[in-house]
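Peer 1:
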Amino acid sequence: MKNYLAVDVGGTAIKYAVMDENADISISGETVTPTTSLDDFIRALMQIYESVEYTNPEALVISAPGRIDSSTGYFHTGGALGYLNCVNLPEALRNHIPLPICVLNDAKAAALAELWKGSMEDVNSGLILTLGTGIGGAVIIDGKLWQGHNFAAGEFSGIPVHWDTRTGGYTGTWANINCTRSMIDRYCAAKNQNPDNMNGKQFFQAIQDGDRLAMNELEWFCETLATGLLALQLILDVEKIAIGGGISRQPLLIETLNEVMDRQYERKASCIPATRPIVEACRFASDANLIGALRHYLLQKEEDTVSS
7 MKNYLAVDVG GTAIKYAVMD ENADISISGE TVTPTTSLDD FIRALMQIYE SVEYTNPEAL
67 VISAPGRIDS STGYFHTGGA LGYLNCVNLP EALRNHIPLP ICVLNDAKAA ALAELWKGSM
127 EDVNSGLILT LGTGIGGAVI IDGKLWQGHN FAAGEFSGIP VHWDTRTGGY TGTWANINCT
187 RSMIDRYCAA KNQNPDNMNG KQFFQAIQDG DRLAMNELEW FCETLATGLL ALQLILDVEK
247 IAIGGGISRQ PLLIETLNEV MDRQYERKAS CIPATRPIVE ACRFASDANL IGALRHYLLQ
307 KEEDTVSS
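Every number in this note's numbering is 6 more than the matching position in the sequence shown, counting from 1.
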């Protein structure tokens, strides 16, 4: 069975895995993401390749942040990694890594993993949201990933959910309100605690310990999240929404979000003709982007075979 080298580029770490065409992982690891330059980034990828070269990978498949032309690997934007702006990564790596190279946006890679073997398997229309430092996402139409005219479909972070330019400027985006860090910061402000000493696991543990302020914050977080989902549902009318990101592994988040959405749909049933989608957690967690990057390559290879 063939091996593939899958790489998931994050803002702080580059994860990698050697996997077969069924996405079964035989080797995995990670290294620090360079923040300095494209040359340092290329060196990091070369070191990863050299460490697993003995497995004879068929291709290098990459997921990364940014608006990426998935047919060419060109980065219109590089997200938090500014040195990837306006870079064709396969071309930049051509003389360093002697493999076919395929690149896809990380949230869209996660969506392909869910479509292939996860929560979106056999789903005709759906949305995937990944909650973290922002709100990544993907749109599924007719059982396929919809990337949009300029590969920007599913870039949900910038959706304006509370812009008041008379008082606060352009600060009320969905990511500002519903990223994980904002939830924790609001809770810490209410508790008069240092937010640097609090993370998501501690926040949910506070709820389990009966902290009413933490539960109030989660309910408000889910209210605003559900409001954004309702807006998307009015436009797309999908059958399922899957929530990803580290916070999605907390069952209480999905449970509370569903309760809030039930209340919203009951209140608006008489005036808004929006159907109630299924909402659940993504099946894949930390390996989703790696699996989706492989799936993207395999699909492209199938298309190339058919067209030839």
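Yeah, the Cβ is synthetic: ideal placement off N, Cα and C, and Gly gets one too.
#1: CA-CA distance, E225 and E261?
#2: In or out: R100 buried (at least 16 other Cβ within 10 Å) or exposed?
#3: Would you kindly check if the distance between the Cβ of F210 and the Cβ of I190 is under 8 Å?
#4: Looking at the strands, I want to know which residues DSSP matches up with T37.
#5: What three-state label does DSSP hand A248 in the structure shown?
#6: A23 and L296 look like a contact to me (Cβ under 8 Å); what is the Cβ gap, rounded to whole Å?
#7: Fully enclosed by the segment 58-142, which alpha helix (DSSP H) runs are 4 residues long or longer?
#8: Counting only runs that start and end within the segment 169-250, where is the beta strand (DSSP E) found for 3 or more residues in a row?
#9: Determine the extent of the alpha helix (DSSP H) in which I260 is found, giving its start and end residues.
#10: What does the alpha-carbon distance come out to for the pair D26 and G138?
#11: Which partner residues does I253 have in the DSSP bridge list?
#12: Is T83 near N91, with beta carbons less than 8 Å apart?
#13: Are G234 and I165 touching if we call contact CB-CB under 8 Å?
#14: If I follow the unbroken beta strand (DSSP E) through N9, where does it start and stop?
#15: Considering I165, what are the terminal residues of the beta strand (DSSP E) in which it resides?
Peer 2: With the structure as the only source:
#1: By one-based count along the sequence shown, residue 225 stands at place 219. By one-based count along the sequence shown, residue 261 stands at place 255. Between E225 and E261, the C-alpha separation is close to 10 Å.
#2: One-based indexing of the sequence shown puts residue 100 at position 94. Classification of R100: exposed, given that the 10 Å Cβ count is below 16.
#3: Within the sequence shown, residue 190 is the residue found at index 184, counting from 1. Within the sequence shown, residue 210 is the residue found at index 204, counting from 1. Their beta carbons are not under 8 Å apart, which means I190 does not touch F210 by this criterion.
#4: The residue labelled residue 37 in the question sits at position 31 within the sequence shown. Answer by DSSP bridge pairing, in chain order: I20.
#5: Position 242 of the sequence shown, counting from 1, holds the residue named residue 248. Secondary structure at A248: strand, using DSSP grouped into helix, strand and coil.
#6: As a working note, residue 23 is residue 17 in the sequence shown. As a working note, residue 296 is residue 290 in the sequence shown. A Cβ-Cβ distance of about 5 Å is found for the pair A23 and L296, placing them in contact under the 8 Å criterion.
#7: Under the rule that a run must span 4 or more residues, the alpha helix (DSSP H) segments found entirely inside the segment 58-142 read 95-99 and 112-123.
#8: You should have 246-250.
#9: To locate residue 260, count along the sequence shown from 1; it is residue 254. From DSSP, the alpha helix (DSSP H) with I260 extends over P257 to K274.
#10: Taking the first residue of the sequence shown as 1, we reach residue 26 at position 20. Taking the first residue of the sequence shown as 1, we reach residue 138 at position 132. Whole-angstrom Cα-Cα distance: 29 Å.
#11: In the sequence shown, counting from the first residue as 1, residue 253 sits at position 247. None, per the DSSP bridge assignment.
#12: In the sequence shown, the residue the question calls residue 83 occupies position 77. In the sequence shown, the residue the question calls residue 91 occupies position 85. Taking 8 Å as the cut-off, the Cβ atoms of T83 and N91 count as close.
#13: The count along the sequence shown starts at 1 and reaches residue 234 at position 228. The count along the sequence shown starts at 1 and reaches residue 165 at position 159. Their beta carbons are under 8 Å apart, which means G234 touches I165 by this criterion.
#14: As a working note, residue 9 is residue 3 in the sequence shown. Per DSSP, N9 is one residue of the beta strand (DSSP E) stretching across N9 to V15.
#15: Reading the sequence shown from its first residue, position 159 is the one you call residue 165. Element bounds for I165: n/a, residue is neither H nor E.
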